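Before any comments, here is the structure.
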RNA sequence: GGCCCCGUCGCCAAGUGGUAAGGCAGAGGUCUGCAAAAUCUCCAUCACCAGUUCGAAUCUGGUCGGGGCCUCCA
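In my numbering, the protein residues as written are 392 to 884.
Structure follows, in structure tokens:
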């Protein structure tokens, strides 16, 4: 099955057919840089990171543009509060954004333009809209006249008359229609500004995305993404401006990700349940955060809670433990030239078939509107499959099973990478996870090792009472012991 | 008020006409000195009601419950 994606514009899933075969132009609304990013930004950016990765995995040459909106009312306000230049504030949070995205393990887009570097293009779009009678200047401002764009609200599917009833014209605005929106705002004293045919001013919100997307992707391009909350007014207005100016359809597929709730409540500053990415990463591994986000479909709401994150951590750990075990077995058992299997069991037949089918199942899930939850389900299946193979431990009698293990392991890594998962060396990831967990228990590794040695001796002496006492003592502190032929290891519960 | 979405096992979460993926948690078996880990087995008829259909969690209508957008917002 070919890729199908849910297009907000038509409210249904549609087959993905790019404008140019083999190539995809994709624009995602980045951030307005006036504060640290929160978990909602993390979700949006991770979701589109997956879209970007999967499109490339599918063989497309992707031009992925994600902007920084670095001039805006909120930036100016915040800069004034701090008594610094708005450009310095923007630069500070651009750096913070870059750090956060890198920490979350996102691939870099092909382009990351800034609004302030596209002022001439913005001005030319506004001029074109005025020339075409779709916008009008008023006292240094320029507004878009929504009634001149008949398909206005086609994305959000609202009714303009009802919208108008609730709309208000703010003091100081010169709108002819309350629904009209600013393309250009006259500068007030002390505000950053650029020269324009309407006097010094700055772009309104929305227009910068039209300018940057059309600049790098053309007047019509394939995919435009963002959070659900951007459907109205931001994306609706982008369509109006862009199509109004170019006379061409703006975007073929509109993709919108769902919200993040915190403990069942909408995340908001007033509720005090606002988590920044940097706060979260103090507690949770970035890959756990990514894993958690991808276990739900991107359009569904997700609930950020300790319970859910802990579940995600357990799940991801299961992957890494299986991968580590596979690594160890493969390191111990070099793959022979010939991999015969004189007596293939039914179990092995089933396991081999599952490993064989893994990629098809993964692709089928991802082709269905990026169903990462289902795709991860298939990967979990593969983990159980490989664990069965390892538990059977017939690598000597059936070298073929060793070859299948190797194949399954590399498939897991390759497909996981499409989701940005399992990208750390398994032993290293587990060790890190281990030491982070250990830090919370407050137990020193040397202490554990000493107790393990003492217990080993007790066991040798068949003093199981003492051996079990040691084990119970550690369990009480959150440390579990794992005995094996090769000795005793431990893990944090 | 307008527009839109959702309600699936204890928790999380896929599935949108063909008879319920997966994870976490739980029960039992194997393994183990005993455990843990791993593995095997088991564990839901899909908020409710009424329809359409040979057949519905999936479509229609209604009821109840939850949420979002309409103002800055991923």
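We treat Cβ as the ideally placed atom computed from N, Cα and C, and that holds for glycine. Nothing here was measured: the structure is a model prediction, and the numbers come from that model.
Which residues DSSP lists as bridging residue 401, in chain order: The count along the first chain starts at 1 and reaches residue 401 at position 10. Answer is none; residue 401 lacks a bridge partner.
Under the rule that 16 or more other beta-carbon atoms within 10 Å means buried, what is residue 654, buried or exposed? Here residue 654 is taken as the residue at index 263 of the first chain, counted from 1. The residue in question, residue 654, is exposed, as its Cβ has fewer than 16 Cβ neighbours within 10 Å.
Note down the Cα distance separating residue 795 from residue 698, rounded to an integer number of angstroms. Position 404 of the first chain, counted from the start, is the residue given in the question as residue 795. Position 307 of the first chain, counted from the start, is the residue given in the question as residue 698. Near 36 Å, if we compare the C-alpha coordinates of residue 698 and residue 795.
At 4 residues or longer, what runs of the alpha helix (DSSP H) sit wholly inside the region 617-680? 627-637 and 668-674
Member of 856, 595 and 695 whose CA lies at the smallest distance from the CA of residue 513: Start at 1 with the first residue of the first chain, and residue 513 comes out as number 122. Nearest C-alpha to residue 513: 595.
Which residue spans inside the region 414-477 form an unbroken beta strand (DSSP E) run of at least 3? Qualifying beta strand (DSSP E) stretches, in chain order: 414-423 and 452-460.
Looking only at its chain, what residues have a beta carbon closer than 7 Å to the beta carbon of residue 683, apart from the 5 residues adjacent to it on each side? The sequence position of residue 683 within the first chain is 292, counting from 1. Once the five neighbours on either side are set aside, the close Cβ partners of residue 683 are 699, 700 and 703.
Where do the ends of the beta strand (DSSP E) carrying residue 607 lie? Numbered from 1 along the first chain, position 216 holds the residue referred to as residue 607. Here residue 607 belongs to no beta strand (DSSP E); instead the alpha helix (DSSP H) covers 598-608.
Collapsed DSSP secondary structure at residue 883 in the structure displayed: The sequence position of residue 883 within the first chain is 492, counting from 1. It is a strand residue.
Is residue 428 closer than 9 Å to residue 616 when the C-beta atoms are compared? The residue labelled residue 616 in the question sits at position 225 within the first chain. The residue labelled residue 428 in the question sits at position 37 within the first chain. Not closer than 9 Å, so no.
Short check: CB of residue 762 to CB of residue 688, under 9 Å? The residue given as residue 762 occupies position 371 in the first chain. The residue given as residue 688 occupies position 297 in the first chain. Going by C-beta atoms, residue 762 is nearer than 9 Å to residue 688.
Go ahead and pull the three-state DSSP assignment for residue 592. Reading the first chain from its first residue, position 201 is the one you call residue 592. Of the three classes helix, strand and coil, the one that applies to residue 592 here is strand, per DSSP.
Quickly, what does DSSP pair residue 528 with across the bridge? List them, please. If you number the first chain from 1, residue 528 lands on position 137. Residue 528 pairs with 533.
Given a threshold of 16 other Cβ atoms within 10 Å of its Cβ, counted over all protein chains shown, does residue 681 qualify as buried or as exposed? Locating residue 681 in the first chain gives position 290, counting from the first residue. Here residue 681 is buried: its Cβ has 16 or more other Cβ atoms, across all protein chains shown, within 10 Å.
What's the gap between the Cα of residue 714 and the Cα of residue 780? Residue numbering aside, residue 714 sits at position 323 when the first chain is read from its first letter. Residue numbering aside, residue 780 sits at position 389 when the first chain is read from its first letter. Distance between the alpha carbons of residue 714 and residue 780 is about 13 Å.
Rounded to a whole number of angstroms, what is the C-alpha to C-alpha distance between residue 690 and residue 398? In the first chain, residue 690 corresponds to position 299, counting from 1. In the first chain, residue 398 corresponds to position 7, counting from 1. Their backbone Cα atoms lie some 11 Å apart in a straight line.
Residue 749 and residue 769 - do their beta-carbons sit closer together than 9 Å? Within the first chain, the letter at position 378 stands for residue 769. Within the first chain, the letter at position 358 stands for residue 749. For residue 769 and residue 749, yes; Cβs fall inside 9 Å.
Counting Cβ pairs closer than 8 Å, one from the region 425-441 and one from the region 661-680, do we hit at least three? Touching, yes.
For residue 850 and residue 878, what's the separation of their Cα atoms in angstroms? Taking the first residue of the first chain as position 1, residue 850 is located at position 459. Taking the first residue of the first chain as position 1, residue 878 is located at position 487. Looking at the two C-alpha atoms, the distance is approximately 12 Å.
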